[in-house]
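The structure under discussion appears below in the form of structure tokens.
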Amino acid sequence: MSYAAAAAGKCDLILGGKCTSARYHLSHRLLMSNARIAEIFDEIADLLEFKGANPFRVRAYRNSARTIRNYSESLAHILHDADRKLTEIEGIGKDLAAKIEMLVETNRLPMLEELRSEVPESVLALLRIPGLGPKKAAVLHKELGIESLEQLKQACQAQEVRGLKGFGAKTETLILEGMVFAQSTASERRIFWAHADELVQELLKHMRLCSGIIEMEMAGSYRRGKETVGDLDMLVVATDGDKVMDQFASFGEVAETIVRGSTKMSVRLESGFQVDLRVVPERSFGAALQYFTGSKEHNVIVRGRAKQLGMKVNEWGVFRTDEDQEEYVTGKTEKEVYAALGLPEFPPELREARHEFEWADEQGELPELVTLKDIHGDLHMHTEATDGKATIMEMVEAAKQRGLKYIAITDHSQRVSMANGLDSERLLAQWDEIDKVNQELGRGFLVLKGIECDILEKGGMDLPDDVLAQADWVMASVHYGQKQPREKITGRIVEAIQNPHVSAISHPTGRLLNKREAYQVDMEAVMRAAADQGKFLELNAHPARLDLNDIHCAMAKAHGIPLVISTDAHNTEGLNVMRYGILQARRAGLTKEDVANTRTWTQLKKLTM
DNA sequence: GCCGTTTTCGGCCCGACTGTTTTCAGTCG
């Protein structure tokens, strides 16, 4: 189906049919992307769960949603390829394949329409209250006719809820307390990894004041380096667990203790952020670290493997199970836990049940992931000439201190008037200055003549070709017309890639975490163009951008497109964000070879030829 | 709903904690 055909779709299509509803924020002009199919299957899982459907059926929808979201090829393309079948994909059987086909071909799914008519959207909001799952929410809906958070609040205040079977006075209180939490959106509760890291450093500092701690490590999505973190998990081995919990409770940010048992304690910080602490025996530390680092999906596979081997894995260790006997095998370190199952010690960033087991099985080894030390240059930064704060020389000094060998100065072009963007004349003057700086620096460090040139709303570049031709490095960026329809914005970016003077596309999707959705850009088309033209794509390392995301980074690798990880620094401190980009690249399974700026400038230049 | 050296049925990861119970179901991670 062409973009035009998709765009011509009417508002009665299932996914565009509720244009005014919050249920779908996406425009109905979209093709049926993998992300969208995944979103639909997740919604079906939510609705089925609420209805009390077979939990394994619910899981099948959730698993397939995750697989589809992570899939590097468009399902619509596979569907239209006569030699391929959707059922090749793990977790997609005959039924789901038929549903995907119906979605792609007709943009509709009667089953979803039926579920939606049975379960009002507002009822699903009840599940966001901590402690309220599908079973209890269903009772509230059925017995008291509750359909919204507001109605539930009133019922609790009127003490109508405590009369229900399985509910009590305490539950009413918990529901009322959880109301504010439930009313905030999921994105408001997740913080950038970089912010989580600041919090972690503070927390670790506080905990180190407690004597008797033998081992201490953060687990969870923080350890996996996810771009945003929803809560923190801390693991401790200590001589006195109670003392550790007391120390934990005395952390300055703690607002309330949610639970405290003998091995587990959860607190909520002033900011609403939750932190969990677990105290485990020394012989279980590795097993617990493995377990609580997750991801959940990764662990499900690990446990399945254990079972095949006649073993069992839980947070206490690896056990050999014979008849009704259980024998502890190992658990002190993560490495031992994985080794007992014949698996390599997966770097936490890879533990997402995407390709890591495939790599371990088929290649017998994991990719050697890129590290911060591998980076030799930074190809995106600004100076005081536009909206940066430092001079060229100050950026050079800061880059040298961080062990870099070259940088590109890429200030904004004239279209970005708010940032005092450069016209041809000022840009050429800046490049003269760079020549002088390079002379002064001599060998050992190189400053490249660069520009972050806007891709204009109507298409085309913001500076003339004869100027761009003189640059060492041209990054093309969309800053305006971000809301344009898919066909238009994709066309602009593809056209920029085809411009012979453009080296790379910066922040290719334009998303800002927790704040702004990506452009409606067709990334498959962008990647095909980049691969075809031998151009680079940026992984912008700014913690609010991290654009490309990990899935797109893996897609780029599959297309053979080299990525440049850059800081987009606006001052000298801004150069520090490189490590967030590295974390993102590692999550995508990228090696040193996949990242272009691990090379010298001379080597990097050859990649484009 | 998926999957198969258990192959068209019968499994599908596992434990801690809480509240409402009086032995356990629901929720969470």
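Just so we're aligned, residue 26 is where the first sequence starts under our numbering, counting upward by one.
Ideal placement from N, C-alpha and C gives every residue a C-beta, glycine not left out.
With fewer than 16 other Cβ atoms inside 10 Å of its own Cβ, N79 counts as exposed.
Annotated as distal: T253 and K430, with beta-carbon spacing of 8 Å or more.
As the crow flies, the alpha-carbon of Q507 is around 14 Å from that of V441. Across the set A423, I480 and L260, the C-alpha of I480 shows the shortest separation from the C-alpha of Q523.
Taking 4 residues as the minimum length, the alpha helix (DSSP H) runs contained wholly in the segment 396-461 are 417-426, in order along the chain.
Listed in chain order, the non-local C-beta contacts of V362 below 8 Å within the same chain comprise G311, A312, Q315, V338, G342, V343, T355 and G356, local neighbours out to five positions each way being set aside. The Cβ atoms of M580 and S97 sit closer than 8 Å to each other. A contact between stretches requires three or more CB pairs, one per stretch, nearer than 8 Å, and the segment 68-88 fails this requirement with the segment 549-567. Annotation: L473 to C578 spans about 25 Å, alpha carbon to alpha carbon.
The C-alpha of I65 lies about 28 Å from the C-alpha of E168. Taking C-alpha positions only, L294 is separated from P159 by approximately 27 Å.
For the segment 537-622, the full-length beta strand (DSSP E) segments reaching 3 residues or more read 561-565 and 588-591 along the chain.
For the segment 159-184, the full-length alpha helix (DSSP H) segments reaching 4 residues or more read 159-169 and 174-182 along the chain.
By the Cβ test, the segment 371-381 is not in contact with the segment 594-601, since fewer than three Cβ pairs between them sit closer than 8 Å.
Less than 8 Å separates the beta-carbon of L165 from that of L151. Each of G535, V499, R541 and G516 was checked against the Cα of P525, and the nearest Cα belongs to V499.
For A365, the enclosing alpha helix (DSSP H) starts and ends at E359 to A365.
Comparing C-alpha distances from N539 to each of M418, I62, G255 and L128 shows the shortest one belongs to G255.
Relative to the Cα of S309, the nearest Cα in the group A263, R330 and V325 belongs to A263. Counting only the Cα atoms, E74 lies some 19 Å from K124. In the three-state DSSP reduction, V527 falls in the coil class, being neither helix nor strand. Contact check between the segment 382-389 and the segment 411-425: fewer than three CB pairs, one atom from each, fall below 8 Å, which does not count as touching.
Take the alpha-carbon of C478 and the one of L201: they are about 52 Å apart.
Taking the CA atoms as reference points, K461 sits about 56 Å from H105. In this structure, DSSP gives M486 an extended state, which the three-state scheme calls strand.
Counting C-beta atoms within 10 angstroms of its own C-beta, V284 has fewer than 16 neighbours from the protein chains shown and is therefore classed as exposed. When DSSP states are grouped into helix, strand and coil, Y96 belongs to the coil group. In the three-state reduction of the DSSP assignment, K289 falls in the strand class, which pools E and B. By DSSP's assignment, N339 forms a beta bridge with G342.
With contacts defined by Cβ atoms closer than 8 Å, G203 and I154 form a contacting pair. Taking the C-beta atoms as reference points, E377 is found no nearer than 8 Å to H437. Annotation for L537: A569 place their beta carbon closer than 6 Å to its own, counting only its chain and skipping 5 residues before and after. Using a Cβ distance threshold of 8 Å, T435 and I476 count as a contacting pair.
Counting along the chain, the unbroken beta strand (DSSP E) around T355 starts and ends at Q350 to T355. Of the residues T92, C235, G191 and E130, the one whose Cα lies closest to the Cα of I117 is T92. Within the DSSP secondary-structure output, F382 pairs in no beta bridge.
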